[in-house]
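If you want the working numbering, it's the 1-based position in the sequence shown plus 1.
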Amino acid sequence: MRVLVTGGAGFIGANFVLQTLAERPDAQVTVLDSLTYAGNRESLDSVADRIDFVHGDIADLDLVDELVSGVDTVVHFAAESHNDNSLSDPWPFVQTNVIGTFSLLQAVRRYDVRYHHISTDEVYGDLELDDPERFTESTPYNPSSPYSSTKASSDLLVRAWTRSFGVRATISNCSNNYGPFQHVEKFIPRQITNLIDGVRPRLYGSGTNVRDWIHVDDHNRAVWAILDRGRIGQTYLIGADGELDNRAVVQMLLAEFGRESDDFDFVTDRAGHDLRYAIDSTLLRTELGWEPQFHDFRDGLAATVQWYRENESWWRRRKEAVEHAYAAQGERTLPQP
Ligand code: NAD
Ligand code: TDX
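This is the structure in structure tokens:
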């Protein structure tokens, strides 16, 4: 199988490439990545001689046309992915997430190439803390942020290209991922690297917002299950029953570092901050037989902490820029509630 992986130098895409080459030795992988601030070629160092790496933009129609003409499958991870950045500068999100997806869809349509679209549970908006319902494939779209609205837009393009042009596409909407190679702007790596540096973790607002955590390898195995056995035109939700509030995650990290459970700061809340995400992945489990392999979040988190301890050279150069950006976005410490 010849696979084009967009965004393969990012967090989930790089883990997908590593897993694919480890578990599917026959796969020929081409990565297309524009190496934004979020892309890091070093994540692919261990497989550099086994992949074709193309440094380019998914919105470049000619380049995408040429690359897609030479593969059987496209797995589309590339995106602007950080909510906070989408609030300070939404334009790159429209350009990459919407126009970039359009560019890929036109090419897979032209060459009748199988297409899998990676999306997020954030397209469904948020849930109340006590809502017994979770997101399913039929939950109406209701995105809150510039990021999630551009992801929702791209999902709708995929649905339209499937119905109107017969593009052989599937979509997956996954919950929050954790694991190695995640950029230090994101919640878990930011707090781990703060703790390595002896800085207190920083919780937005009251710390009660809930995220539904899944290990990145479980996400990527689900993507392969969909590529292997998924129904064309179908959306699959990916989640591993990992709901936790942000404060609980910070307290697990504090315990991992041998620090007191109240040794953190509350900081300015995110504008429009979604309260809770929760995924019902029954369809994926029953139809495709997928099950998560990481059952204990605490163990997965400890392994992730260990990875950041052992790979400081991978993240150190980006840490200062990230903290500078948060300060420039107006983040400040709040009085303890
Ligand atoms: P990331 O920000 O770590 O990586 C994104 C990658 O895309 C980077 O390597 C970047 O250089 C590349 N990229 C950005 N713009 C590009 C462009 N115009 N052309 C080519 N490459 C470009 O993101 P991630 O966390 O790995 O997320 C990957 C995908 O998964 C995204 O589509 C995201 O919406 C989705 N997703 C993420 C999560 C999560 O928890 N991180 C959860 C659900 C879905
Ligand atoms: O310093 C922080 N303190 C904090 O309390 C940061 C960076 C975040 N948070 C909170 C905000 C969220 O409630 O932690 C939670 C997780 O934040 P992020 O890591 O920014 O993730 P989130 O906004 O939930 O979105 C993530 O999951 C869905 C990914 O970034 C998206 O790409 C994906 O679609």
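All C-beta atoms in this analysis are idealised placements derived from N, C-alpha and C, irrespective of residue type, glycine included.
Q) Given 8 Å as the limit, is there contact between the stretch 35-50 and the stretch 314-325, that is, 3 or more CB pairs closer than that? A) yes
**Q.** Whole-angstrom C-beta distance between residue 174 and residue 97, which should lie under 8 Å
**A.** About 18 Å; that fails the 8 Å criterion.
Q: Please confirm whether any heavy atom of the ligand NAD lies closer than 7 Å to the CB of residue 302.
A: no
Q) Can you round the beta-carbon distance between residue 76 and residue 154 to whole angstroms, since I take them to be within the 8 Å contact cut? A) At roughly 19 Å, the Cβ-Cβ gap does not stay under 8 Å, so residue 76 and residue 154 are not in contact.
Q. So residue 174 is in the beta strand (DSSP E); what residue range does that whole segment cover?
A. 170-175
Q. How long is the line joining the alpha carbons of residue 111 and residue 264, rounded to whole angstroms?
A. 56 Å
Q | Contacting residues, own chain, Cβ-Cβ under 6 Å from residue 147 (five flanking each side not counted) | A | 87, 91 and 94
(Q) On a Cα-Cα basis, can you pick out the residue from 85, 113 and 156 that is closest to residue 103? (A) 156
Q. Does DSSP put residue 150 in a helix, in a strand, or in coil?
A. helix
Q) DSSP on residue 35, reduced to helix/strand/coil? A) coil
Q: Using beta-carbon positions only, say whether residue 210 and residue 247 come within less than 8 Å of one another.
A: yes
Q. If you measure from the CB of residue 120, is any heavy atom of the ligand NAD nearer than 7 Å?
A. yes
Q.
Using 8 Å for Cβ pairs, my map puts residue 57 next to residue 22. What's the rounded Cβ distance?
A. Residue 57 to residue 22, Cβ: 21 Å. No contact.
Q: Using a threshold of 8 Å, state whether the C-beta atoms of residue 216 and residue 180 are closer than that.
A: yes
Q. Hey, how far is the Cα of residue 236 from the Cα of residue 191?
A. 31 Å
**Q.** Length of the line joining the Cα atoms of residue 421 and residue 330
**A.** With the chain running from 2 to 338 in the structure shown, residue 421 is simply not present.
Q) Measuring CB to CB, does residue 124 end up less than 8 Å from residue 116? A) no
Q.
In the DSSP output, what is residue 87 paired with across the bridge?
A. Note: residue 87 sits in no beta bridge, so no partner.
Q | residue 140 - containing beta strand (DSSP E), residue span | A | Counting along the chain, residue 140 falls outside any beta strand (DSSP E), and DSSP gives it neither H nor E.
(Q) Assuming residue 238 is part of the beta strand (DSSP E), what are its boundary residues? (A) 236-239
(Q) For residue 113, tell me which candidate among 105, 136 and 169 has the shortest Cα-Cα distance. (A) 169
Q: Go through its chain and collect everything with a Cβ distance to residue 294's Cβ below 8 Å, but skip five positions before and after it.
A: 216, 218, 219 and 222
Q. What do you reckon, are the CB atoms on residue 4 and residue 74 nearer than 8 Å?
A. yes
Q: Report the rounded CA-to-CA distance for residue 186 versus residue 323, giving the unit in angstroms.
A: 6 Å
Q.
Residues in the same chain with beta-carbon distance under 8 Å from residue 255, minus the five sequence neighbours each way, listed in chain order, please.
A. 196, 202, 261, 262, 264 and 265
Q) What separation, rounded to the nearest whole angstrom, lies between the Cα atoms of residue 61 and residue 7? A) 12 Å
Q) Do you know how far the Cα of residue 207 is from the Cα of residue 130? A) 13 Å
Q: Please classify residue 227: is it buried, with 16 or more other beta-carbons within 10 angstroms of its beta-carbon, or exposed?
A: buried
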